[in-house]
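Here's the structure we're looking at; comments come further down.
In my numbering, the protein residues as written are 33 to 172.
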């Protein structure tokens with residue numbers, strides 16, 4: 033089951049809400065202490081890019097894992113904001129807000145890992161401290 037979620041940003045100066053899709057593998061199961069995969073797109077992409085839906089479906093169907101995919105600020109998806117190429121500060125703020133929301137509102141255990149392949153690695157250091165581990169697939 034898929035549910036569209038709007039996450040309010042902490043400041044009106046940051047633009048509109050973060051818009052994402054929570055895909056549940058077992059909608060009747062509690063989300064407390066359950067793992068979740070975060071699917072984050074790259075520059076000039078969006079949450080419903082050709083590979084995000086099949087990946088979310090595979091995670092739910094094959095692994096029984098919930099996932100959350102969302103549009104980064106200003107990248108042309110449903111999350112509003114001023115467009116900027118590689119605005120890592122906005123990306124990190126979005127990620128931190130998503131992590132906080134999923135933990136506080138749903139009780140998920142977020143698994144993310146810092147990757148040297150990701151251009152966000154250094155900036156993500158702040159957000160990564162809140163996480164257990166991850167697998168980040170990044171194209172260069």
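Ideal placement from N, C-alpha and C gives every residue a C-beta, glycine not left out. This structure is a prediction, so every number in the text was calculated from the model and none was measured.
Cβ neighbour criterion (16 or more within 10 Å) applied to residue 58: Against the chain shown, residue 58 aligns to sequence position 26. Under this definition residue 58 is an exposed residue.
Just to check my reading of the structure: residue 104 and residue 88 have Cβ atoms closer than 8 Å, yes? What is that Cβ distance to the nearest angstrom? Here residue 104 is taken as the residue at index 72 of the chain shown, counted from 1. Here residue 88 is taken as the residue at index 56 of the chain shown, counted from 1. Not confirmed; about 17 Å, so no contact.
| task | State the Cα-Cα distance for the pair residue 81 and residue 52, rounded to the nearest angstrom. | result | For the purposes of this step, residue 81 is identified with residue 49 of the chain shown, where counting begins at 1. For the purposes of this step, residue 52 is identified with residue 20 of the chain shown, where counting begins at 1. Answer to the nearest angstrom: the Cα atoms are 13 Å apart.
In terms of residues, what are the limits of the alpha helix (DSSP H) holding residue 129?
Walking along the chain shown from the start, residue 129 turns up at place 97. Start and end: 120-138.
(message) My assumption, with CB atoms under 8 Å, is that residue 99 sits in contact with residue 50. Please give the rounded CB distance.
(response) Mapped onto the chain shown, residue 99 falls at position 67. Mapped onto the chain shown, residue 50 falls at position 18. Not really, about 15 Å apart at Cβ, beyond 8 Å.
Helix, strand or coil: how does DSSP classify residue 98 here? As a first step, residue 98 must be located in the chain shown, where it is residue number 66. In the structure shown, residue 98 sits in a strand (DSSP, three-state: E or B).
Item to complete: Compare the Cα-Cα distances from residue 180 to each of 65, 56, 109, 66 and report the closest residue.
Response: Any answer about residue 180 is impossible in this case: the structure gives the chain only from 33 up to 172.
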